[in-house]
Amino acid sequence: RLQGIDHVVYGDISPLHLPEVLSSIGRSHGQGELYNALKSSIAGVISTVNVKKCIQQLRDYHEAKIAEHRAEVQNLNAKLAAMEEKEEAEGYAVDDEIESRSNKRRRK
């Protein structure tokens, strides 16, 4: 407010400089003034966003996450396979031991 008159100068600022201006307002004048500045300049800020590039970056991010998850699934599958092999081997060893004991009993 300047002498009782509301005047917004954000429309006169180049959209490319708005992020710097808004950052400066937030640091110098606090969150309330930053909010008011954002309300007045949001259309200019949005107009500088490259939506296609944002979507491509988001896609790339999710593709990377998918690759991480696939690697983790392979790791977990390998651990499960190792555990199952160990259980199977121990199971055969226990079966062999039981069979050996029963053979000894039969001999007596």
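Mapping of the sequence shown onto UniProt numbering: position 1 corresponds to residue 1, and the numbering continues sequentially without gaps. We treat Cβ as the ideally placed atom computed from N, Cα and C, and that holds for glycine.
For residue j and residue i, the rounded distance between their alpha carbons
i, j, result
"Ala78", "His29", "56 angstroms"
"Ala89", "Lys65", "36 angstroms"
"residue 111", "Leu80", "A question about residue 111 goes unanswered here, because the residues of the chain that appear run from 1 up to 108."
"Ala37", "Ala67", "41 angstroms"
"Leu58", "Lys86", "42 angstroms"
"Lys53", "Ala82", "44 angstroms"
"Gly4", "Tyr61", "Only weak support exists for where Gly4 lies, its pLDDT of 49 falling under 50; the value from the coordinates is given anyway. Each residue's alpha carbon lies about 49 angstroms from the other."
Residue environment, residue i, which counts as buried when at least 16 other CB atoms sit within 10 Å
i, result
"Leu76", "exposed"
"Ile55", "exposed"
"Ala71", "exposed"
"Ile25", "buried"
Per-residue DSSP class, three states only, for residue i
i, result
"Asn36", "helix"
"His17", "coil"
"Gly30", "coil"
"residue 140", "In the structure displayed, the chain extends from 1 to 108; residue 140 sits before or after that span and is not available."
Residues near residue i by beta carbon distance below 6 angstroms, same chain, minus five either side
i, result
"Ala33", "The residue asked about is misnamed: residue 33 is Glu in this sequence, not Ala. The answer, listed in chain order, is Ile25."
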